[in-house]
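Undergrad: Following this message is one structure expressed as structure tokens.
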Amino acid sequence: MDSDSNSDTDTDSEKDDENERKKQPVPFSHKFSKADPLALRLLERLLAFDPRDRASTKDELSDPYFSGLSNSEREPSTQPISKLEFDFERKKLTNDDVRELIYRERLEEYKHGGDQLSFMYPRLASIFIEHILFKQ
1 MDSDSNSDTD TDSEKDDENE RKKQPVPFSH KFSKADPLAL RLLERLLAFD
51 PRDRASTKDE LSDPYFSGLS NSEREPSTQP ISKLEFDFER KKLTNDDVRE
101 LIYRERLEEY KHGGDQLSFM YPRLASIFIE HILFKQ
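Everything in the sequence shown is counted per UniProt numbering, starting at 1 for the first residue and increasing by one.
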């Protein structure tokens, strides 16, 4: 029984030691004393270690730091996107369809001076791999 009580005490003291060793974060305002306080407040929210403490995109965009930048004419609608917008993802594509889509996408990028490989439809990359590599 003595060994059990000792192990409980050891565990408690280990936890106490661990808690004492944890450093408290230094507020950004101490590190960056000349920075805009609103910017520091936003930065702390963006870089919060615990994801539950981080600001949502909506909260970030409405943060006082960004006051005066909002322009409803150039911002996307807050209405949800219709499921019909994603009908193209349910369509069965043939190898020729995929070939044509990739060609069109690359042509658009070329016309606009793009040099890097990127896809307007990210899923197209995985479809390309499936069609070209696995369905020969």
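Quick reminder that beta carbons are idealized off the backbone N, C-alpha and C, glycines included.
#1: Round the Cβ separation of Leu40 and Phe32 to the nearest angstrom and send it over; I've been treating them as touching at under 8 Å.
#2: May I ask you to report which of helix, strand or coil DSSP gives His30?
#3: Since residue 137 is in the alpha helix (DSSP H), which residue starts that stretch and which ends it?
#4: Closer than 7 Å by C-beta to Pro64: which residues in its own chain qualify, once you throw out the five before and the five after it? Chain order, please.
#5: With DSSP as the reference, label Ser70 as helix, strand or coil.
#6: In the structure shown, what three-state DSSP assignment does Lys111 receive?
#7: CA-CA distance, residue 205 and Asn71?
#8: In terms of residues, what are the limits of the alpha helix (DSSP H) holding Asp59?
TA: Short version:
#1: Right, the Cβ-Cβ distance comes to about 6 Å (below 8 Å), so this counts as a contact.
#2: In the structure shown, the three-state DSSP call for His30 is helix.
#3: In the structure displayed, the chain extends from 1 to 136; residue 137 sits before or after that span and is not available.
#4: Listed in chain order, the non-local C-beta contacts of Pro64 below 7 Å within the same chain comprise Leu38, local neighbours out to five positions each way being set aside.
#5: In this structure, Ser70 counts as coil in the three-state DSSP scheme.
#6: In the three-state reduction of the DSSP assignment, Lys111 falls in the helix class, which pools H, G and I.
#7: Residue 205 cannot be examined here, being either before or after the span of the chain that is shown, 1 to 136.
#8: Residue range 57-61 is occupied by the alpha helix (DSSP H) that includes Asp59.
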